[in-house]
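Written below as structure tokens is the structure these notes are about.
Protein chains: 2
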Amino acid sequence: MMTTIKDVAQEASVSVATVSRVINSNGYVNEDTRKKVEAAVEKLNYKPNSVARSLFKKESKTIGIIVPDIKNPYFPELVRGVEDYLIEKGFTTILCNSDEDPEKEQLYLDVMKQKYVDGVIIVSNTIEPSVINEYDMPVVALDRSIHKDVPTFIINNREGGRKATNHLLDIGCQRIAHIKGPELIENAEERYLGYMDVIKQQDWFHEDYVIWGNYDQKESARATMALLEKHPEIDGIFAGNDVMALGALKAADYLNIKVPQELAIIGFDGVDLTEMTAPELSTISQPIYQMSTHAAEALIDLIEGRPIKHQENIFPSTLIQRQSTNSVKENVTWLQKSL
Amino acid sequence: MMTTIKDVAQEASVSVATVSRVINSNGYVNEDTRKKVEAAVEKLNYKPNSVARSLFKKESKTIGIIVPDIKNPYFPELVRGVEDYLIEKGFTTILCNSDEDPEKEQLYLDVMKQKYVDGVIIVSNTIEPSVINEYDMPVVALDRSIHKDVPTFIINNREGGRKATNHLLDIGCQRIAHIKGPELIENAEERYLGYMDVIKQQDWFHEDYVIWGNYDQKESARATMALLEKHPEIDGIFAGNDVMALGALKAADYLNIKVPQELAIIGFDGVDLTEMTAPELSTISQPIYQMSTHAAEALIDLIEGRPIKHQENIFPSTLIQRQSTNSVKENVTWLQKSL
DNA sequence: TACCTTTGTGTAACCCGTTACACATATTTT
DNA sequence: AAAATATGTGTAACGGGTTACACAAAGGTA
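Sequence order for the protein chains is S and U.
Everything in the first sequence is counted per the working numbering, starting at 583 for the first residue and increasing by one.
Everything in the second sequence is counted per the working numbering, starting at 583 for the first residue and increasing by one.
As structure tokens, this is what we get:
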């Protein structure tokens, strides 16, 4: 059915070893022989069988990426960056949704190990470093750090938290609340600490001003409703991610509080969503695509035995000011720009 | 390094054939022997090497899914449905972003063929049926049909288009425009035809009322701006997908047109996004997750040689009415429900 | 000229499972 | 009791590549 290396060898009247040498460009091959073989390959439309090659070489030109849930708007861009980079380098990408469940993570790692997957990019805060060790595969951590021995690609979340909070102060907010992400997720904690760094010097700070949104829009909206009803003095909200910021926007809309005139809102991550709403959402933007291609690049370096330049790669975040933190609703949006 | 079937055989003092019989539960194995082998497997923590198995069996327990772009909000849910179903059945999922480029599609198919990928789920309107034929792999088409010989999982887009348009009429719209998706995409054409089915009987219909949004928010917003400025009589818009509906919402906001009081907007697809905006977006919802698990199920049936029940699987769409098509802004949202 | 190195190619072992086939013993069937 | 069938297990070929090793011929060096 499929043409094999034997067929090509026969067609070109050489041995399989020679064919192998030609297609892999290694060892000595006479110029005439090479041409004969290439002609045979062409004629028979031969494509080497990756599985056979994998078996011998103990590699698969495949990597896995484990994310909590591809439906979370942060991850498609991340995955896209990884996949784009890898296909370019001749690798295919296996997608795994872990739901932050350590058992699922291990199941995926088991399967991948058995398939000789060459390496894994992991977004996780539940996985134990010892587990990774056990599998003895190249691993890099993306968006969330796992252990100092695992090359890590993240942004400075704490500084981002400070940027967001300072921005709200800069535009004149007097009482700033924070919607915090899940307790177990390190980046949520860091963003919160960034907020605290700035806010703890303010004499008006009140512990009620930190609410809990679980990186979920609906929970965030409910919590924001409760907050705004109890503390109508709040005039600025820094949400730990964009989805929660949209929840806050929702709550404000429901309570007929005008954004940004009466309440300024800023999110975190810079997902595409933030440009889609009205008002458009200010955010601390992560270079998601860049981070992911760099992580993929590092993984390939690990796989191919090259030294990793930096174990810890911290990318800069960028404040993007849009309508949700403008005191006058007249800043330039993409819609205006394009007219 | 890794334990192999030989190690297990030695540990249990049996042949490799017997070990293979035990782990695959086929052929005759004495109860005592089985236990001995199982103990050895346990003791050595043996996991069979999938690559060796693949080589012999010419199968890989891996499938591919080709989507235009995982960043498009419609696809994460689709991919999630497929992945969830397949991991359950012991298959892993390779993700491919084609950007609707036939060359990329072929590149992915080449790679997958070489890796003995067992089957492919394709979302494409560019791929030629002859190409699929060439590869001789199990294929199902999802969201977009390819050819009548390829099992297809879609919704009735034309009927959905009619539903959307009729809904706008039902709530009292007098002049209804349509934002059409890309010309080459069949489902965009169908939704447009559904709109026409309803609208062509109206004496007020004007060809200007159909504008072109390319399934893109920004293009849609621009086109809508132009439309509303030229035709202020428009009081209802049916957008060919949710992202374009958000573009229309954006345009309305920019022109200070109140939604839904002055302009009703309805989208198509039912992606999560539609619940996130304020106002929440009415939409013709697709059972995305269901469709994708059914497609995955059919693919497995094909792979394992079972007959496919239906070549063409058309799922029902559902009208979801939310704030963007309510003449009074008081319908129940998830935020209210949860209070 | 004798010896060494480089070039060129084939044979066969190897990667690690699966299974056809052979063979032996146990259980039924007639 | 003989024949037929079911049960249990091992040997070795196989899948389709890669590469160590052997060997031969050509080119270079002293």
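All C-beta atoms, glycine included, are put in the ideal place defined by N, C-alpha and C.
Since residue i contacts residue j with CB under 8 Å, what's their CB separation in whole angstroms?
i: Tyr871 of chain S; j: Gly663 of chain S; result: 4 Å
i: Leu863 of chain S; j: Leu831 of chain S; result: 7 Å
i: Gly849 of chain S; j: Thr859 of chain S; result: Actually they are not in contact, since the Cβ atoms of Gly849 of chain S and Thr859 of chain S sit about 10 Å apart, beyond 8 Å.
i: Leu766 of chain U; j: Asn707 of chain U; result: 6 Å
i: Ala805 of chain U; j: Ile847 of chain U; result: Wrong, their Cβ atoms sit about 14 Å apart, outside the cutoff.
i: Ile647 of chain U; j: Leu677 of chain U; result: 6 Å
i: Ala723 of chain U; j: Val732 of chain U; result: 5 Å
i: Val661 of chain S; j: Ile652 of chain U; result: 6 Å
i: Ile728 of chain U; j: Pro898 of chain U; result: Not confirmed; about 22 Å, so no contact.
i: Phe657 of chain U; j: Ile758 of chain U; result: Phe657 of chain U to Ile758 of chain U, Cβ: 29 Å. No contact.
Do you know offhand how far residue i's Cα is from residue j's?
i: Met826 of chain S; j: Lys617 of chain U; result: 54 Å
i: Ile753 of chain U; j: Asp725 of chain U; result: 29 Å
i: Tyr698 of chain U; j: Tyr698 of chain S; result: 14 Å
i: Ser607 of chain U; j: Ile890 of chain U; result: 27 Å
i: His788 of chain U; j: Ala880 of chain S; result: 57 Å
i: Val619 of chain U; j: Met719 of chain S; result: 28 Å
i: Asp785 of chain S; j: Ile793 of chain S; result: 19 Å
i: Leu790 of chain U; j: Leu810 of chain U; result: Contrary to the premise, residue 790 of chain U reads as Asp rather than Leu in this sequence. Looking at the two C-alpha atoms, the distance is approximately 11 Å.
i: Gln592 of chain S; j: Asp614 of chain S; result: 16 Å
i: Val702 of chain U; j: Lys695 of chain U; result: 10 Å
i: Val623 of chain U; j: Glu710 of chain S; result: 25 Å
i: Gly672 of chain S; j: Asn627 of chain S; result: 19 Å
i: Ile781 of chain U; j: Phe735 of chain U; result: 28 Å
i: His749 of chain S; j: Gln756 of chain S; result: 12 Å
i: Thr865 of chain S; j: Pro630 of chain S; result: 48 Å
i: Gln868 of chain U; j: Pro764 of chain S; result: 31 Å
i: Ala833 of chain U; j: Lys840 of chain S; result: 19 Å
i: Asp883 of chain S; j: Tyr717 of chain S; result: 18 Å
By the DSSP assignment, the alpha helix (DSSP H) with residue i in it spans what residues?
i: Ala833 of chain U; result: 824 to 836
i: Ala808 of chain U; result: 799 to 812
i: Asp723 of chain S; result: The sequence shown places Ala at residue 723 of chain S, not Asp. Where Ala723 of chain S is concerned, there is no enclosing alpha helix (DSSP H), although the beta strand (DSSP E) it sits in stretches over 721 to 724.
i: Phe820 of chain S; result: Here Phe820 of chain S belongs to no alpha helix (DSSP H); instead the beta strand (DSSP E) covers 818 to 821.
i: Ala770 of chain S; result: 768 to 781
i: Thr615 of chain U; result: 613 to 626
i: Phe657 of chain U; result: 656 to 670
i: Ile714 of chain U; result: 711 to 717
i: Val792 of chain U; result: Here Val792 of chain U belongs to no alpha helix (DSSP H); instead the beta strand (DSSP E) covers 792 to 794.
i: Val633 of chain S; result: 632 to 639
Secondary structure at residue i, three-state DSSP: helix, strand or coil?
i: Glu886 of chain U; result: coil
i: Leu751 of chain U; result: helix
i: Leu845 of chain U; result: coil
i: Asp683 of chain U; result: coil
i: Glu894 of chain U; result: strand
i: Ser597 of chain U; result: coil
i: Lys695 of chain S; result: helix
i: Thr585 of chain S; result: coil
i: Lys762 of chain U; result: strand
i: Phe735 of chain S; result: strand
i: Ile703 of chain S; result: strand
i: Thr859 of chain S; result: coil
i: Thr907 of chain U; result: helix
i: Ile676 of chain U; result: strand
Would you give the residue range spanned by the beta strand (DSSP E) that residue i belongs to?
i: Gly646 of chain U; result: 644 to 649
i: Ser864 of chain S; result: 864 to 867
i: Thr900 of chain S; result: 900 to 902
Is residue i buried or exposed, if buried means 16 or more other CB atoms sit within 10 Å of its CB?
i: Asp700 of chain U; result: buried
i: Gln799 of chain U; result: buried
i: Gln905 of chain S; result: buried
i: Phe638 of chain S; result: exposed
i: Asn715 of chain U; result: exposed
i: Lys588 of chain U; result: exposed
i: Asp851 of chain S; result: buried
i: Leu828 of chain S; result: buried
i: Asp817 of chain U; result: buried
i: His892 of chain S; result: exposed
i: Tyr610 of chain S; result: exposed
i: Val910 of chain U; result: Bear in mind that the predicted position of Val910 of chain U carries a pLDDT of just 46, short of 50, making it unreliable; the figure below should be weighed with that in mind. So Val910 of chain U counts as exposed.
i: Pro861 of chain S; result: buried
i: Arg888 of chain U; result: exposed
Should residue i be counted as a contact of the ligand FAD given a C-beta to heavy atom distance under 7 Å?
i: Ile753 of chain S; result: Among the ligands in the structure shown, none appear at all, so the ligand FAD cannot be discussed.
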